[in-house]
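When we follow the UniProt record's numbering, the leftmost residue of the sequence shown carries the number 1, and every step to the right adds one.
Glycine included, each C-beta is placed from N, C-alpha and C at the ideal position.
One structure is given here, and the rest of the page talks about it.
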Amino acid sequence: MEAFTTHTGRAVPLRRSNVDTDQIIPAHWLKKVTRDGFEDGLFEAWRKDPAFVLNQEAYNGATVLVAGPDFGTGSSREHAVWALQNYGFKAVISSRFADIFRGNSLKNGLLTVVLPQETVDRLQQLTETDPTAEITVDLVARQVRAVDITADFELDENARWRLMEGLDDISLTLREESAIAAYEANRPSFTPRTVEV
C-alpha cells in the first residue's frame, strides 16, 4: 500500500453522526471481488439528493473527510474503506470511529484521525465557509493543521509505523520471505511442503 506521511488537501464536511458502513457502501456493492470501483457506491443513497455535500461542485476533488461522531459503525466491511479510498479520500477526521472500521482503515492505508468534537466542528465550519481551505494531516508530527487551527492527535505506534512505511499484512509477511524460504528448505521431508504454483 502507499506510504502515508503528510497529506494536504481540501476537505468535505459531513455533518451526520452515526454513519454506518451500510450508508458508506450499501450491501449490494459487496458482490465485487476486487477492491477497485467502489467510488460510485460511496454514500449511494444520499448522493441521490442533489443537496448532498458530495454533489456540491465546490467539494469536487477534496481528499479529507471531516465526519460527525461515530463514523463507520455497523457491520465490518472493508468495502467501506475501499469506497472512501476509491473516491479519493486519504484521511477521515472524526471525534469517534467504530473500532472495526478504524482497524480496517489503518490496515488499508486510510488514516483515521480522532480529534475532540469542538475541533471537528471548527474544521467543518472552516470548510463550509471556505471550501478551498486546505487541511494538512501530518502523521510524522501527529498533527492536523488548517488556517488558525492546530490540533495534535494520538495513534497507536505500530499503526503509525505501518502507515509511514506503507506496509499492509501481506507486505509485512513478504519482508520475511528469505527467512520463510530458509525454514521451508530445512524442514524434514515427511512434513507438508509449500509448493509453488
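Under the DSSP assignment, residue 20 falls outside any beta strand (DSSP E); it carries neither an H nor an E label. Assigned with DSSP and collapsed to three states, residue 110 falls in coil, not helix or strand.
Around the C-beta of residue 181, fewer than 16 other C-beta atoms lie within 10 Å, and the residue is accordingly described as exposed. In summary, residue 161 is exposed, with fewer than 16 beta-carbon neighbours lying within 10 Å of its beta-carbon over all protein chains present. Taking C-alpha positions only, residue 7 is separated from residue 138 by approximately 6 Å.
Comparing alpha-carbon positions, the option among 184, 115 and 19 lying closest to residue 80 turns out to be 19. Scanning its chain for C-beta atoms nearer than 8 Å, with the 5 sequence neighbours on each side dropped, one finds around residue 3 the residues 163, 164, 165 and 166, in chain order. Here residue 171 has no same chain residue with a Cβ atom under 6 Å from its own Cβ, once five neighbours each way along the sequence are excluded. Assigned with DSSP and collapsed to three states, residue 181 falls in helix. Within the region 27-67, no complete alpha helix (DSSP H) segment of 4 residues or longer occurs. The beta carbon of residue 44 sits closer than 7 Å to those of 26, all from its chain and outside the five residues before and after it, given in chain order. In the DSSP assignment, the residues bridged to residue 94 are 114. Between residue 58 and the set 150, 107 and 131, the nearest pair of CA atoms involves 131. C-alpha of residue 133 to C-alpha of residue 184: approximately 54 Å in a straight line.
Within the model, the alpha-carbon separation for residue 93 versus residue 189 is close to 53 Å. Beta-bridge partners of residue 9 (DSSP): 135. In the structure shown, residue 120 falls within a helical segment according to DSSP collapsed to helix, strand and coil. When the Cα atoms are used, residue 155 and residue 10 turn out to be separated by approximately 22 Å.
Per DSSP, residue 81 is one residue of the alpha helix (DSSP H) stretching across 78-87. Look at residue 174 here: in three-state DSSP terms it is helix. Its Cα nearest to that of residue 73, the residue 24 stands out among 55, 24 and 153.
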